[in-house]
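S.K.: Chains as they are written, first to last, in my numbering: chain A, 1 to 325; chain B, 1001 to 1325.
Structure below; questions to follow.
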């Protein structure tokens, strides 16, 4: 196995601004918490051919990995702090590829205010894979959880849904409908680059009764909130927020509602609030310039149901997405 | 990609005793620190065919992964707390394999007092690999570091050196000398199962001036302490602690000193103490029933030199081991 010359030159600068990284030169990193804070920790991994195609720009692979972790921190209401990176590099990985992977991390570190604190770079005889463990902080006892939804609460989602699943279908040439160049670019970009709602998550602390990020599809993930909270949920399909691009696809092929209800990789926040908090939610959306859409309500009982504009049940049979290209 | 049925049944019980894991059912884990403590965090990954052969018992692969992380915590003087696990599973991985991997983790959790707090299990189209991010605690400001060694300090190592490298050579049928069945078992076991010196690390807080674990070979790793501390080191080859098995091999083939000086995967602690602390070190060794051996001294200057019993320089040219089977 060859050494990867780029590793030290690429990764050491990423840890420069985090004192606890000890310059990546000791056996471990050190991390202190301000009084009254607790740590939120999440781990997300990706592998070539499963979570990404392998042909993407290395910068985008790096960003998708980091952002899927940031989305989990957002779902808990945490402020990003630092992350640990393990990468498994095939022998033929070029120094240039590693440098571009690092460049992607550097850009997102600046964008999201998170720093590299440690990691491990190993060789693999298989395909590229990588894992990030990301850490954030919340005021003790205030983290958002999946378990607080109550009957009568309103259900919201951020942004628009289904774009990423449609983008993947487009990339795999199985969309089956014509899309304009502009729509095509939008959908693909949403597949390649999630936009973790880190600012929103922090604003929802003390407002939302339950929250999580949508990574396996709206219906399946809402099912997790329902199970954790001991409630059911009723969604109105007509209320679901669609991008222009997604609306155009669905106009042509109604079956693609499936991507909105059960597509993967949305990385939007799904959250519930008491009915009294709707003005607060509106204000947060305006402050962040982020669309926050009421999509249904929490009900007594269990499970998630979806009805269309005629009141007909359109709950998808397959609730969600298991990562497989 | 198939679902792995065993994942939830295997991993969820491993997180039961760690409240902050939230039962592995939320987007992230929560972690609090007692007042005056700081967190020590390390990440170590392994991949099939590089860090292990692939034919090992799954329990041993799991333990080697966890223990390589525990060894880093030990090197910083930390008390183990919790860990996060990412595993990349090839499609043909059986539920039984996963169950045995989990069993290995369960046994080591009990042995070392560490708990699973979160993780991610993904499919891979490549070979098995895995990453652990492990966390421990130290009293704030007291962690062992690589950077405190001073000229005149005495250099110690725990346990015996070279066994793991000799065990690997034996497994790969390139040892070139006959070994007894007892020696063979000892050497192979030491390759498969490192013994992280977690108790020793904690005892060395306030005693050792510098410490690290030996994972890439004694000379190379001592070189890291020297570089971090701005000093040099002189080792006496005759003082290096050998197991009976390693001594038998070296008696037959002098070249195998290379395994002791520059073999990988020892996972022993290497530390320096002021000359005045030798009685303390002796007492710690007796309390832990662990051999702690003086192997040389820190000197002014830079770099590591090794001399044999005749005063002849026998410093290896290739200082250490880069993980490659």
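For each residue, glycine too, the CB sits at the ideal point set by N, CA and C.
Please state the DSSP three-state secondary structure of residue 10(A).
M.R.: The answer is helix: DSSP assigns residue 10(A) an H, G or I state.
S.K.: I'd like the span of the alpha helix (DSSP H) that includes residue 1224(B), first residue to last.
M.R.: Segment 1218-1229, the alpha helix (DSSP H) holding residue 1224(B).
S.K.: Would residue 1002(B) be called buried (16 or more neighbouring beta carbons within 10 Å of its own) or exposed?
M.R.: Note that residue 1002(B) scores a pLDDT of 47, beneath 50, so its modelled location is shaky; the value from the coordinates is reported in the next line. The residue in question, residue 1002(B), is exposed, as its Cβ has fewer than 16 Cβ neighbours within 10 Å.
S.K.: Please identify the residue among 202(A), 161(A), 259(A), 210(A) whose C-alpha is closest to the C-alpha of residue 243(A).
M.R.: If we check each option's Cα against that of residue 243(A), 161(A) comes out closest.
S.K.: Helix, strand or coil, according to DSSP, for residue 1271(B) in the structure here?
M.R.: If DSSP states are grouped into helix, strand and coil, residue 1271(B) belongs with the strands.
S.K.: Take every Cβ of the segment 1063-1078 of chain B, pair it with every Cβ of the segment 1117-1126 of chain B, and state whether three or more of those distances are shorter than 8 Å.
M.R.: With the cut-off at 8 Å, the segment 1063-1078 of chain B and the segment 1117-1126 of chain B do not touch.
S.K.: Give me the chain B residues within the contact set of residue 129(A), using Cβ-Cβ distance strictly less than 8 Å, ordered along the chain.
M.R.: Chain B residues near residue 129(A): 1088, 1122, 1124, 1126, 1129.
S.K.: Cβ of residue 990(B) within 8 Å of Cβ of residue 1201(B)?
M.R.: Since the first residue of chain B shown is 1001 and the last is 1325, residue 990(B) is not available in this structure.
S.K.: Could you run through the segment 1029-1045 of chain B and flag, in chain order, every residue whose CB is less than 7 Å away from some CB of chain A?
M.R.: Taking 7 Å as the Cβ-Cβ cut-off against chain A, the residues of the segment 1029-1045 of chain B that qualify are 1029, 1030, 1031, 1032, 1033, 1038, 1039, 1040, 1041, 1042, 1043, 1044, 1045.
S.K.: Just to confirm the assignment, what range does the beta strand (DSSP E) spanning residue 1084(B) have?
M.R.: Looking at the DSSP string, the run of the beta strand (DSSP E) that includes residue 1084(B) is 1079-1090.
S.K.: Closer than 7 Å by C-beta to residue 7(A): which residues in its own chain qualify, once you throw out the five before and the five after it? Chain order, please.
M.R.: Hits under 7 Å: 98, 121.
S.K.: Let me know the alpha helix (DSSP H) ranges lying completely inside the segment 95-169 of chain A, each 4 residues or longer, listed in chain order.
M.R.: Within the segment 95-169 of chain A, the complete alpha helix (DSSP H) runs of at least 4 residues are 95-112.
S.K.: For residue 1068(B), name the three-state secondary structure that DSSP assigns.
M.R.: In this structure, residue 1068(B) counts as helix in the three-state DSSP scheme.
S.K.: Identify the residues that DSSP records as bridge partners of residue 298(A): which are they?
M.R.: Paired residue(s): 233(A).
S.K.: Report the three-state DSSP secondary structure of residue 1313(B) (helix, strand or coil).
M.R.: If DSSP states are grouped into helix, strand and coil, residue 1313(B) belongs with the strands.
S.K.: Anything in the segment 203-214 of chain A with a Cβ closer than 9 Å to a Cβ of chain B? List those residues in chain order, please.
M.R.: Cβ contacts with chain B: 211, 212, 213.
S.K.: Only counting the same chain, and skipping five residues up and downstream in sequence, which positions put a Cβ closer than 6 Å to that of residue 1062(B)?
M.R.: Cβ within range, chain order: 1101, 1104, 1105.
S.K.: Short of 6 Å in beta carbon distance, which residues of its chain neighbour residue 1308(B), apart from the five on each side in sequence? Order them along the chain.
M.R.: Counting only Cβ-Cβ distances below 6 Å, and skipping sequence neighbours, we find 1237, 1314.
S.K.: Residue 17(A): buried (16+ other C-beta within 10 angstroms of its C-beta) or exposed?
M.R.: Residue 17(A) is exposed by the Cβ-count criterion.
S.K.: Run the CB neighbour count on residue 1154(B), radius 10 Å, all protein chains shown included, and call it buried at 16 or more, exposed below.
M.R.: Result: buried.
S.K.: Please state if the CB of residue 218(A) and the CB of residue 261(A) are separated by a distance shorter than 8 Å.
M.R.: For residue 261(A) and residue 218(A), yes; Cβs fall inside 8 Å.
S.K.: Is the shortest distance between the beta-carbon of residue 1148(B) and the beta-carbons of chain A less than 8 Å?
M.R.: Not an interface residue.
S.K.: Less than 8 Å between C-beta atoms, sequence neighbours within five positions excluded: which residues of the same chain meet that for residue 11(A)?
M.R.: Excluding residues within five positions, the ones whose Cβ falls inside 8 Å are 24, 85, 102, 116, 119, 121.
S.K.: Taking C-beta pairs closer than 9 Å, name the residues in chain A that residue 1105(B) reaches, listed in chain order.
M.R.: Within chain A, no residue comes near residue 1105(B); the closest Cβ sits about 15 Å away, beyond 9 Å.
S.K.: Between residue 1074(B) and residue 1112(B), what straight-line distance do the alpha-carbon atoms span, to the nearest angstrom?
M.R.: Taking the straight line joining both Cα atoms gives about 11 Å.
S.K.: For residue 312(A), count neighbouring C-beta atoms within 10 Å of its own C-beta (all shown protein chains included) and say buried if the count is 16 or more, exposed if not.
M.R.: Per the 10 Å Cβ criterion, exposed.
S.K.: Interface residues of chain B around residue 47(A) at Cβ under 8 Å?
M.R.: Within 8 Å Cβ-Cβ: 1088, 1122, 1123, 1124, 1125, 1126.
S.K.: My guess is that residue 129(A) and residue 1094(B) are in contact by the Cβ rule of under 8 Å, so how many angstroms apart are they, rounded?
M.R.: In fact, because the Cβ distance is near 20 Å, the residues do not count as touching under 8 Å.
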